[in-house]
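Trainee: Residue numbers (our numbering), protein chains in the order written: chain A, 1 to 483; chain S, 484 to 595. All C-beta atoms, glycine included, are put in the ideal place defined by N, C-alpha and C.
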Amino acid sequence: MTASATLTASPYRLREYHSFESGGTQFLYLVPSGAIFALNAIGQAIIDCVGEQDRTREELVSTLAGRGYEEAEIEEAMTELEHSDVIFSGDQTFQEAPTLPTGSFPLQRVVLHVTNQCNLACGYCYEYSGDKISETQGKPKYMDAAVSEAAIDMLIKESAERPSIHVTFFGGETLLNFHGLRDTVAYAKTKSAEAGKSVEFSLTTNATLLNEEIVEFLAEHRVGVTVSIDGDRELNDKMRIFHDGRGSYEIIVPKIKMLLNRHRTNSIGARVTLSAGVSHVRRIYEHLTQEVGFRAVGFSPATASPERLYHIGVQKMSSILGGFEDLAWEYRDWAVAGKQHGFTNANDTLKELHSGISKAYPCGAGLGLLGVGTAGDISLCHRFVDSPVGKMGHLHEGGVDHAARNNFLETHHLGARYDCHTCWARPVCAGGCYHEAFVHYGETSAANLHYCDWIRGWNDLCLRIYGEISLQNPSFLDRFSEN
Amino acid sequence: MNSMRPMNRKARKVQDTVIARTGDVHALQNPKEQGKVYHPMGCTLNFTPGWEVDISGGTAGLCQPVERDLFDCYLGCGWPAQVPDHLNNAPNWTDKCASAANDWRNVDIVFP
């Protein structure tokens, strides 16, 4: 038998994909491309037939012809499915682990820790709680102009040909250093204009220090704002407390309402940190949208090692997924009606699914984003600022350590995360947060295996919702193509 | 594609690749509108170029040397098309092409 005869006689097999049903239609989510297809009857028939038993092309054609399909139609569909990497015959070709692309990785964003101080003492804070990895002793409490200006210069230089850059202010509580922030905005605007780039700003705050002057400034300079708040008074004040134990809700809500009322030039979102005692997703969402007035609310489980009291166990995570599911279907209803729902977790995942993202890295840390500490230490991201882990150079000692950065990217590529190789959710997950992995496993390169079922459950849910929206109101998805 | 329909942006890219690899050659233009017949207007028939205007009255897709000129320009109109010399040097170059619409792939390549 010749080689080509052997090949044509080889049975067909199914390649890697995740199938799901939505709105009465069968869909395929192809892995690793991230393509989403709706199956027609012939496509489904071929997949079923391939899955039943080993069959060669000839056997498949004759079997399907016996089931009422035209031979030419079967041949054409099989060729399509083979070229789309849904089915294959012969030996499966294993691709070598991807290598780091040559060339530069222009920086897009720096996260400036304008202070490492905070006026709150939230129980789950990864900067101050039991899982803290930053070592701020001996470091300035506030970032001074020399450091922030050097950071902006570094961003402009390292952004190479990128036409736009982004500066995020973080802390500690960012607004404890509002004057430094204000001066940095002015400096960044001047320098980026000189470099012919546009610059955007955002910050995260606990809202305790917001006042009219600050809000006017944020609105004038179109600073995007993320407000940390965990829901109504009872839930928020479980963890988000002042150093003397008082809850922060009463202080922050009037200030947030003033912010939402006066600042209309950029997005303002609420960021909820879920923990063992704070996992009431719908209650929190409804309070923050209906009572406080947020138009966008995102949830994230607190990063914590399993021994922490506020650590969310498997059972609680499952109930949180139930809460997410509840809001996500509501998102679907709104989307079908052409309205924008404020559940940002669903919005963000649907946006990624719409583009068909296939990530080599879980996030932009070390790639297009770097963190900078108050003393000028450059780090992987804001969560590793002032930590010996993920150090990427120093502003006053040669800037970005490109060797460290490249080494990090080589060792943290999805191809090096063997646990992820057979997971269908890897195009969107890629192993998960480096900081989360470090806290749980002591290694930034570890896959976050404690979240796997949750991630797959969430992505399956979002795929089904994507399927329904794409069938019932596809024009809604156009908003995800805009940038 | 008749087996499945692309729903997201990546799927549309996959579809484009599949069509590029497996799709048939489509006469003339409109590669993005598969299955739509491109009807020219002008002095000759569909598969015998030499049109003065296209279906919308435009001139952008009109005959170009080599790619589009076939025998009608040369024989019917005396247009100096860049086709083989049908009378003297390559009298048989269209022998396998009884119907241009169906058999145009069989037109011989003639080297000067």
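If A/A188 and A/V199 are in contact, beta carbons under 8 Å, what's the gap, nearest whole angstrom?
Mentor: That belief holds up - the Cβ atoms of A/A188 and A/V199 are roughly 5 Å apart, short of 8 Å.
Trainee: By DSSP's criteria, S/R488 is part of a beta bridge. Which residues make up the other side?
Mentor: Looking at the DSSP assignment, S/R488 forms a beta bridge with A/A38.
Trainee: Along the beta strand (DSSP E) that carries A/T205, what are the first and last residues, could you check?
Mentor: Residues S198 to T205.
Trainee: Could you please give the first and the last residue of the uninterrupted alpha helix (DSSP H) stretch that includes A/F20?
Mentor: Note, A/F20: premise wrong, no alpha helix (DSSP H); beta strand (DSSP E) at Y17 to S22.
Trainee: Could I get the ranges of all uninterrupted beta strand (DSSP E) runs contained in the stretch 358-388 of chain A, with 3 residues as the minimum, in chain order?
Mentor: If we require 3 residues or more, the beta strand (DSSP E) runs fully inside the stretch 358-388 of chain A come out as 369-372 and 377-379.
Trainee: Enumerate in chain order the residues of its own chain whose CB-to-CB distance from A/D401 is below 6 Å, with the five nearest sequence positions on each side excluded.
Mentor: Contacts found: M392 and G393.
Trainee: Could you tell me if A/N141 is buried or exposed, where buried requires 16 or more neighbouring beta carbons within 10 angstroms of its beta carbon?
Mentor: Before going on, a small fix: residue 141 of chain A reads as Lys here, not Asn. Flag for A/K141 reads exposed.
Trainee: Quick check: is the beta carbon of S/V497 nearer than 8 Å to any beta carbon in chain A?
Mentor: Closer than 8 Å: yes.
Trainee: Within the same chain, show all residues whose beta-carbon is closer than 8 Å to that of A/K351, passing over the 5 residues directly before and after it, in chain order.
Mentor: So the list reads F480, once near-sequence residues are dropped.
Trainee: Report the rounded CA-to-CA distance for A/F324 versus A/A145, giving the unit in angstroms.
Mentor: About 42 Å.
Trainee: In terms of residue numbering, what span does the alpha helix (DSSP H) encompassing A/G502 cover?
Mentor: Since the first residue shown for chain A is 1 and the last is 483, residue 502 of chain A is missing from the structure and cannot be characterised.
Trainee: From the DSSP output, which residues share a beta bridge with A/A270?
Mentor: In DSSP, A/A270 forms a bridge with A/V227 and A/V297.
Trainee: Taking the alpha carbon of A/G180 as the reference point, which residue from A/P32, A/A150, A/S22 and A/M143 has its own alpha carbon closest?
Mentor: Checking every option, the nearest Cα to that of A/G180 belongs to A/M143.
Trainee: Where DSSP assigns a beta bridge to A/K484, which residues make up the other side?
Mentor: The structure shown does not extend to residue 484 of chain A, since chain A is modelled only from 1 through 483, so no value can be given for it.
Trainee: Following the continuous beta strand (DSSP E) through A/H166, name the residue where it begins and the one where it ends.
Mentor: Run containing A/H166: S164 to F170, per the beta strand (DSSP E) assignment.
Trainee: Taking Cβ to Cβ, would you say A/G269 is nearer than 8 Å to A/R109?
Mentor: Their beta carbons are not under 8 Å apart, which means A/G269 does not touch A/R109 by this criterion.
Trainee: Using a Cβ cut-off of 8 Å, which residues of the stretch 23-53 of chain A contact any Cβ in chain S, in chain order?
Mentor: Residues F27, L28, L30, S33, G34, A35, I36, F37, A38, L39, N40, I42, G43 and I46.
Trainee: Using the three-state DSSP reduction, which class does S/P532 fall into: helix, strand or coil?
Mentor: Because S/P532 carries a pLDDT of 45, less than 50, the predicted location of this residue cannot be relied on, and the following value inherits that uncertainty. The answer is coil: DSSP assigns S/P532 none of H, G, I, E or B.
Trainee: The beta strand (DSSP E) spanning A/Q340 covers which residue range?
Mentor: From DSSP, A/Q340 is part of no beta strand (DSSP E); its letter is neither H nor E.
Trainee: Could you tell me whether the Cβ of S/N585 comes closer than 8 Å to any Cβ of chain A?
Mentor: False, the Cβ-Cβ gap to chain A never drops below 8 Å.
Trainee: So, at 8 Å on beta carbons, what are the nonlocal neighbours of A/I241 in its own chain, with the 5 sequence-adjacent residues on each side left out?
Mentor: Within the same chain, A/I241 has close Cβ partners L120, A121, C122, G123, G247 and S248.
Trainee: Whole angstroms are fine: how far does the CA of A/H382 sit from the CA of S/A503?
Mentor: Their backbone Cα atoms lie some 44 Å apart in a straight line.
Trainee: So A/E80 contacts chain S; which residues on that side make the cut at Cβ distance below 8 Å?
Mentor: Neighbours of A/E80 on chain S, chain order: M484, N485, S486, M487, V501 and T505.
Trainee: S/R492 versus chain A: which residues are under 8 Å apart at the beta carbon?
Mentor: Per Cβ cutoff of 8 Å: H354, S355, G356 and S481.
Trainee: Among the residues of its own chain, which have a CB less than 8 Å from the CB of A/C118, if the five just before and after it don't count?
Mentor: Contacts found: C125, E127, Y128, G171, G172, E173, L176 and N206.
Trainee: In this structure, how does DSSP classify A/Q44 when only helix, strand and coil are distinguished?
Mentor: DSSP places A/Q44 in helix when its eight states are reduced to three.
Trainee: Which of the residues in the stretch 52-73 of chain A, read from start to end, lie with their CB under 8 Å from any CB of chain S?
Mentor: So the close ones are E73.
Trainee: Cβ closer than 9 Å: which chain S residues qualify as neighbours of A/A302?
Mentor: Those within 9 Å of A/A302 in chain S number zero; the least Cβ separation is about 32 Å.
Trainee: Have a look at A/Y361, A/H435 and A/L81 and flag the residue whose alpha-carbon is nearest the alpha-carbon of A/A45.
Mentor: The shortest Cα separation from A/A45 among A/Y361, A/H435 and A/L81 belongs to A/L81.
Trainee: Just how far apart, CA to CA, sit S/V497 and A/P32?
Mentor: C-alpha separation (whole angstroms): 12 Å.
Trainee: Using the Cα positions of S/W587 and S/L570, report the straight-line distance between them to the nearest angstrom.
Mentor: If you take the alpha carbons of S/W587 and S/L570, they lie about 20 Å apart.
Trainee: Are A/S159 and A/L107 close, meaning C-beta to C-beta below 8 Å?
Mentor: In contact: A/S159 and A/L107 (Cβ atoms closer than 8 Å).
Trainee: Which class does A/F178 belong to by DSSP, given the choice of helix, strand or coil?
Mentor: Correct three-state label for A/F178: helix.
Trainee: With H, G and I counted as helix, E and B as strand and the rest as coil, what does DSSP make of A/F438?
Mentor: A/F438: helix per DSSP, three-state reduction.
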